[in-house]
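Asks:
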Amino acid sequence: MLRFENVGMRYGRGPEILKDVSFALTPGSFHFLTGPSGAGKSSLLRLMYLAIRPSRGLIYMFDRDMSAARRRELAQLRRRIGVVFQEFRLIDHMSIVDNVALPLRVIGENPEIIDSHVREILSWVGLADHLNSRPMTLSGGQQQRVAIARAVINKPQLLLADEPTGNVDDEMGLRLMRLFVELNKMGTTVVVASHNEALIRHFKFPVMRLDAGEMTIKPQL
Amino acid sequence: MFGQMQRKTKKRRGDLPFEQDQSTRFLPWIIAPMVFLAIMSLAAVQMVGGVVESWDAQLSGSMTIQVPLRDSAAQEDRVARALAFAAATPGVVRAVEMEANTARALLEPWLGDAAADLPVPAIIEVKLAADAGLDGDIFSQRLADVVPGALVDDHRVWLDGLIGLAEIIMNSALAGLLLITASASAAVIYATRSGLTVHRQIIDLLHHMGAYDGYIARQFQKHFMRICARGGVIGSVLAALSLGAMFYVGRNIEATLLPPLTLSGVQFLSLAAIPVGTVVIALVTTRVTVLRVLARLP
Numbered sequence: 005m006l007r008f009e010n011v012g013m014r015y016g017r018g019p020e021i022l023k024d025v026s027f028a029l030t031p032g033s034f035h036f037l038t039g040p041s042g043a044g045k046s047s048l049l050r051l052m053y054l055a056i057r058p059s060r061g062l063i064y065m066f067d068r069d070m071s072a073a074r075r076r077e078l079a080q081l082r083r084r085i086g087v088v089f090q091e092f093r094l095i096d097h098m099s100i101v102d103n104v105a106l107p108l109r110v111i112g113e114n115p116e117i118i119d120s121h122v123r124e125i126l127s128w129v130g131l132a133d134h135l136n137s138r139p140m141t142l143s144g145g146q147q148q149r150v151a152i153a154r155a156v157i158n159k160p161q162l163l164l165a166d167e168p169t170g171n172v173d174d175e176m177g178l179r180l181m182r183l184f185v186e187l188n189k190m191g192t193t194v195v196v197a198s199h200n201e202a203l204i205r206h207f208k209f210p211v212m213r214l215d216a217g218e219m220t221i222k223p224q225l
Numbered sequence: 387m388f389g390q391m392q393r394k395t396k397k398r399r400g401d402l403p404f405e406q407d408q409s410t411r412f413l414p415w416i417i418a419p420m421v422f423l424a425i426m427s428l429a430a431v432q433m434v435g436g437v438v439e440s441w442d443a444q445l446s447g448s449m450t451i452q453v454p455l456r457d458s459a460a461q462e463d464r465v466a467r468a469l470a471f472a473a474a475t476p477g478v479v480r481a482v483e484m485e486a487n488t489a490r491a492l493l494e495p496w497l498g499d500a501a502a503d504l505p506v507p508a509i510i511e512v513k514l515a516a517d518a519g520l521d522g523d524i525f526s527q528r529l530a531d532v533v534p535g536a537l538v539d540d541h542r543v544w545l546d547g548l549i550g551l552a553e554i555i556m557n558s559a560l561a562g563l564l565l566i567t568a569s570a571s572a573a574v575i576y577a578t579r580s581g582l583t584v585h586r587q588i589i590d591l592l593h594h595m596g597a598y599d600g601y602i603a604r605q606f607q608k609h610f611m612r613i614c615a616r617g618g619v620i621g622s623v624l625a626a627l628s629l630g631a632m633f634y635v636g637r638n639i640e641a642t643l644l645p646p647l648t649l650s651g652v653q654f655l656s657l658a659a660i661p662v663g664t665v666v667i668a669l670v671t672t673r674v675t676v677l678r679v680l681a682r683l684p
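Chains L and Y supply the protein sequences, listed in that same order.
Here the working numbering is used: the first sequence runs in plain steps of one and ends on residue 225.
Here the working numbering is used: the second sequence runs in plain steps of one and ends on residue 684.
1. My output table needs one value for A481/Y: the three-state DSSP class, helix, strand or coil.
2. Strictly below 7 angstroms CB to CB, what residues from chain Y border R76/L?
3. Would you mind telling me which residues of chain L sit closer than 7 angstroms to H594/Y, beta carbon to beta carbon, in chain order?
4. Between I125/L and A153/L, which are expected to be in contact by the criterion C-beta below 8 angstroms, what is the C-beta distance as a whole number of angstroms?
5. Taking 9 angstroms as the threshold (beta carbon to beta carbon), is V110/L in contact with chain Y?
6. Rounding to the nearest angstrom, what Cα-Cα distance links T410/Y and S571/Y in this structure?
7. Could you tell me the alpha carbon to alpha carbon distance between V185/L and G44/L, rounded to whole angstroms?
8. Taking C-beta to C-beta, are S99/L and N158/L nearer than 9 angstroms?
9. Could you spell out where the beta strand (DSSP E) holding A165/L opens and where it closes?
10. Figure out for me which residue from L413/Y, L514/Y, I566/Y, A491/Y has the closest Cα to the Cα of M426/Y.
11. Just to make sure I have the definition right: I need the residues of chain L whose C-beta is within less than 9 angstroms of the C-beta of D401/Y. Which are they?
12. Pick helix, strand or coil for E439/Y, following the three-state DSSP scheme.
13. When you check each C-beta in the segment 563 to 597 of chain Y against every C-beta of chain L, which residues fall closer than 9 angstroms?
14. Verify whether the separation of the beta carbon atoms of V211/L and L6/L is less than 9 angstroms.
15. Kindly say whether A681/Y, judged by its beta-carbon, lies nearer than 9 angstroms to any beta-carbon of chain L.
16. Would you say A79/L reaches chain Y, if we count a Cβ-Cβ gap shorter than 9 angstroms as a contact?
17. Going by DSSP, what residues sit across from R68/L in a beta bridge?
18. Can you tell which of R57/L, T169/L, V194/L, V25/L has its C-alpha closest to the C-alpha of G32/L?
19. With a threshold of 8 angstroms, are at least 3 pairs of Cβ atoms found where one atom belongs to the segment 613 to 631 of chain Y and the other to the segment 660 to 668 of chain Y?
20. What's the call for D499/Y, buried or exposed, on a 16-neighbour Cβ count within 10 Å?
21. Quick one: is M219/L buried, meaning 16 or more other Cβ sit within 10 Å of its Cβ, or exposed?
22. Residues of chain L with CB under 7 angstroms from Q607/Y, in chain order?
23. Quick one: does Q406/Y have its CB under 9 angstroms from some CB of chain L?
24. Going along the chain, which residues of the segment 406 to 432 of chain Y sit with their C-beta nearer than 8 angstroms to a C-beta in chain B?
25. Residue ranges of each alpha helix (DSSP H) run of no fewer than 4 residues wholly in the segment 147 to 202 of chain L, ordered along the chain?
26. Using CA coordinates, which residue listed in H541/Y, A468/Y, G581/Y is at the minimum distance from A530/Y?
27. Judging by CA-CA distance, which residue of G636/Y, I555/Y, E511/Y, G581/Y is the nearest neighbour of A481/Y?
28. Mapping DSSP to helix, strand and coil, what is F508/Y?
29. Can you name, in chain order, every residue of its own chain whose Cβ lies under 8 angstroms from the Cβ of A536/Y, other than the five neighbours on each side?
30. Along chain L, in chain order, which residues have C-beta atoms closer than 7 angstroms to that of Y601/Y?
31. Between L131/L and Q148/L, how many whole angstroms is the CB-CB distance? I'm expecting something under 8 angstroms.
32. Could you check the C-alpha separation between V25/L and L563/Y for me, to the nearest Å?
33. Candidates Q408/Y, D401/Y, R673/Y, L428/Y: which alpha carbon is nearest V652/Y's?
34. Report the three-state DSSP secondary structure of M13/L (helix, strand or coil).
35. Pull up the CB-CB distance for L655/Y and M433/Y, whole angstroms please, since I reckon it's below 8 angstroms.
36. Measuring alpha carbon to alpha carbon, tell me which residue in P476/Y, A568/Y, H541/Y, E485/Y is nearest D517/Y.
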């Protein structure tokens, strides 16, 4: 599914954010990614969703060497990755329906299929009554669920979530995590970046810990 | 509710909120004067070209001989000698004396009734073959030997000057057209880059979702096509009004030298192609600009 081999990352001539990071994710696995602020979690996630290229090392995704992938191929690979951003990144001028439909429109999906899938997924995250609302009219938890719905609408093989519970209370955080677990049970490989130690302990999944750019992996707790 | 959702989905224009984008609102008001100027420049090129062609057709291959009145008794003989000399010159197709009344009528607009009392020179119109290759100066010298005092007016000499002037005007108008095209392209490039900056977050999001560069470029193209078309329509309407006024005023000018200012159907079509061409230039410029900027993303 995903393999990092001695990956290093630095921005410009700055210090190395990630140092010799090596790990492999098997299909259908669930991992937490944790570590102190500035440890390189966001950079690692950005490398995983192909937003940046590593300064050194190799990344294999879906059995493909990313350094050799062409631009169009990278776009096709990104379609197999769902991302839940920490700051949601919902588009304010669009309704909830249009926000969630976006990944399907990008791949040119049939409008009728888009409508039925969007309705189904919004119902699954408990937002069936907010189809035509604008993101700014929703609470933080509701916005987070819209972001999750958008990330999973095209049934990604890899789901990456950056601090998905950071802006919601504990109860909502647990509910959101259960959504991820449910997706994982359906075969999606999940990586959740989180600071929340209690949450990590609660779900007992393997933990990738980053400290000053160096990674250690703890197996299932 | 499902129906309502479908209606909402179908109503959307694109993913990028261009309608909220202040940076491109000025563009129709830049494109409109450019389209106006481009149409007027091309119309000027075509009209001046038409005038030159008309002059060329009327005056090329002809000369005028003037036989001044020196001695009334000898005038008839002098004219006859000039006619005979012209007719015998190789390359001359026809040499005909202009009626004295016709010659006087040409002077009337300037001299009024006084023209009737003036000793008007005899005028001989000489028509040359297309490939005559006649040297006006040599012809003039030889004619003066046969008919002392006779003058030759070779139209080609001053026509060449006028054609030269007309060509400068046409080339200047064409250069103006190129500058206008370059300026319009620069305005579109600037507005596109500005749009890319304003909508950077959404573009990044679409990119992360796996949107091809063409998908994002098409949204910019549609937007800029719409606003350039708006500017093109405004500029075209203004140009049509101006040309209409010019033709109306030009039709009422009495001038023997200035042919009527007209444009053929094909020329009108070429003018109508300018707003269409502007939209095409905007489409290509936008696409190239967006694709070049997006190519910097990983």
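Just so it is clear, CB atoms sit at the ideal spot from N, CA and C, and this is done for glycine as well.
In this text, all values refer to a predicted model and were calculated from it rather than measured experimentally.
Replies: In brief:
1. Numbered from its first residue, the second sequence carries residue 481/Y at position 95. Of the three classes helix, strand and coil, the one that applies to A481/Y here is strand, per DSSP.
2. Sequence index remark: in the first sequence, residue 76/L carries index 72 (1-based). Ordered by position in chain Y, the residues that pass the 7 angstroms Cβ test against R76/L are Y598.
3. For the purposes of this step, residue 594/Y is identified with residue 208 of the second sequence, where counting begins at 1. Here the neighbours are Y53, A55, R82, V87.
4. Numbered from 1 along the first sequence, position 121 holds the residue referred to as residue 125/L. Numbered from 1 along the first sequence, position 149 holds the residue referred to as residue 153/L. That pair is a contact at about 5 angstroms.
5. What you label residue 110/L is simply residue 106 of the first sequence in a count that begins at 1. So yes, V110/L belongs to the interface.
6. Position 24 of the second sequence, counted from the first residue, corresponds to residue 410/Y. Position 185 of the second sequence, counted from the first residue, corresponds to residue 571/Y. One C-alpha to the other measures close to 14 angstroms.
7. The count along the first sequence starts at 1 and reaches residue 185/L at position 181. The count along the first sequence starts at 1 and reaches residue 44/L at position 40. Distance between the alpha carbons of V185/L and G44/L is about 24 angstroms.
8. Taking the first sequence and counting its residues from 1, the one referred to as residue 99/L is at position 95. Taking the first sequence and counting its residues from 1, the one referred to as residue 158/L is at position 154. No, Cβ-Cβ distance for S99/L and N158/L is not below 9 angstroms.
9. Indexing the first sequence from 1 puts residue 165/L at position 161. 162 to 166 is the extent of the beta strand (DSSP E) around A165/L.
10. The count along the second sequence starts at 1 and reaches residue 426/Y at position 40. Checked all of L413/Y, L514/Y, I566/Y, A491/Y; the closest Cα to M426/Y is I566/Y.
11. Here residue 401/Y refers to the residue found at position 15 when the second sequence is read from its first residue. Per Cβ cutoff of 9 angstroms: I95, M98, D102, L106, R109, V110.
12. The residue given as residue 439/Y occupies position 53 in the second sequence. Here E439/Y sits in helix by DSSP.
13. Q587, I588, D590, L591, L592, H593, H594, M595, G596, A597
14. By 1-based counting over the first sequence, the position of residue 211/L is 207. By 1-based counting over the first sequence, the position of residue 6/L is 2. It is not a contact, given that the beta carbons lie outside the stated cut-off.
15. Within the second sequence, the letter at position 295 stands for residue 681/Y. Chain L contact via Cβ: present.
16. As a first step, residue 79/L is located in the first sequence; it is residue number 75 there, counting from the start. It does; some Cβ of chain Y falls within 9 angstroms.
17. Translated into the one-based positions of the first sequence, residue 68/L becomes position 64. M65/L, per the DSSP bridge assignment.
18. To locate residue 32/L, count along the first sequence from 1; it is residue 28. Of R57/L, T169/L, V194/L, V25/L, the residue nearest in Cα terms is V194/L.
19. yes
20. Against the second sequence, residue 499/Y aligns to sequence position 113. It is exposed - the Cβ of D499/Y has fewer than 16 other Cβ atoms within 10 Å.
21. Taking the first residue of the first sequence as position 1, residue 219/L is located at position 215. Flag for M219/L reads buried.
22. As a first step, residue 607/Y must be located in the second sequence, where it is residue number 221. Neighbours of Q607/Y on chain L: none; closest Cβ ~17 angstroms, over 7 angstroms.
23. Sequence index remark: in the second sequence, residue 406/Y carries index 20 (1-based). So, interface residue.
24. The chain labelled as chain B is not found among the protein chains of the depicted structure, namely L and Y.
25. 174 to 189
26. What you label residue 530/Y is simply residue 144 of the second sequence in a count that begins at 1. For the residues H541/Y, A468/Y, G581/Y, the minimum Cα distance to A530/Y belongs to A468/Y.
27. In the second sequence, counting from the first residue as 1, residue 481/Y sits at position 95. Per the Cα distances, E511/Y.
28. In the second sequence, residue 508/Y corresponds to position 122, counting from 1. Per the sequence presented here, residue 508/Y reads as Ala, with Phe not at that position. Reduced to three states, the DSSP call for A508/Y is strand.
29. Taking the first residue of the second sequence as position 1, residue 536/Y is located at position 150. So the list reads I451, Q452, V453, P454, R464, A468, L529, A530, once near-sequence residues are dropped.
30. Reading the second sequence from its first residue, position 215 is the one you call residue 601/Y. V110, listed in chain order.
31. Here residue 131/L refers to the residue found at position 127 of the first sequence. Here residue 148/L refers to the residue found at position 144 of the first sequence. About 11 angstroms separates the two Cβ atoms, so there is no contact after all.
32. Along the first sequence, read from residue 1 onward, the residue named residue 25/L stands at position 21. Along the second sequence, read from residue 1 onward, the residue named residue 563/Y stands at position 177. Roughly 59 angstroms between the two C-alpha positions.
33. Residue mapping note: residue 652/Y aligns to position 266 of the second sequence, counting from 1. The shortest C-alpha separation from V652/Y is found at L428/Y.
34. By one-based count along the first sequence, residue 13/L stands at place 9. Strand at M13/L.
35. If you number the second sequence from 1, residue 655/Y lands on position 269. If you number the second sequence from 1, residue 433/Y lands on position 47. That pair is no contact at about 15 angstroms.
36. Residue mapping note: residue 517/Y aligns to position 131 of the second sequence, counting from 1. Measuring from the Cα of D517/Y, the nearest candidate turns out to be P476/Y.
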